[in-house]
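Undergrad: Residue 1318 is where the sequence shown starts when you use my numbering, and the numbers rise one by one after that. First the structure, which I've put down as structure tokens, then a few questions once you've had a look.
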Amino acid sequence: MTLSRISLTGIAAFAIASAMPAAAFALTAQGQQMMRNWAASDRCVAQAQKQFPDYTAEALAKRDQALQRCLTTQNLAPRAPQAPQQ
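Below, the structure written as structure tokens:
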């Protein structure tokens, strides 16, 4: 291999590694907890969406309430509301 080919391989490996910070962060205990929290938060979103599938203002407001209740009971960070603010 020539020097330019070796350096190109190194640059490509660095680019791939830097493109996946979540995977690298998941190797620490804090990163693993963060990934579990995100997964639990996504389950809350899916549950609220299943309860109130319509996209009317009323359904969105109810979905936001259900989502906030779920996040609060699991001690997860709140999300921005989806319902239009008046």
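Idealized CB from N, CA, C, for every residue including glycine.
Please classify L1344 as buried or exposed, where buried requires at least 16 other C-beta atoms within 10 Å of its C-beta.
TA: Within the sequence shown, residue 1344 is the residue found at index 27, counting from 1. L1344 comes out exposed.
Undergrad: Give the DSSP-derived three-state secondary structure of A1346 in the structure shown.
TA: Taking the first residue of the sequence shown as 1, we reach residue 1346 at position 29. The answer is helix: DSSP assigns A1346 an H, G or I state.
Undergrad: Could you check which residue in D1381, A1374, I1328 has the C-alpha nearest to that of S1358?
TA: Here residue 1358 refers to the residue found at position 41 of the sequence shown. If we check each option's Cα against that of S1358, D1381 comes out closest.
Undergrad: Span of the alpha helix (DSSP H) holding L1393?
TA: As a first step, residue 1393 must be located in the sequence shown, where it is residue number 76. No alpha helix (DSSP H) contains L1393, which DSSP labels as neither H nor E.
Undergrad: Using a 10 Å radius around the Cβ and a threshold of 16 neighbouring Cβ atoms, would you call A1365 buried or exposed?
TA: As a working mapping, residue 1365 is identified with position 48 in the sequence shown. A1365 comes out buried.
Undergrad: Would you mind stating whether A1376 and F1369 have Cβ atoms separated by less than 8 Å?
TA: Position 59 of the sequence shown, counted from the start, is the residue given in the question as residue 1376. Position 52 of the sequence shown, counted from the start, is the residue given in the question as residue 1369. In this structure, F1369 lies closer than 8 Å to A1376 by Cβ.
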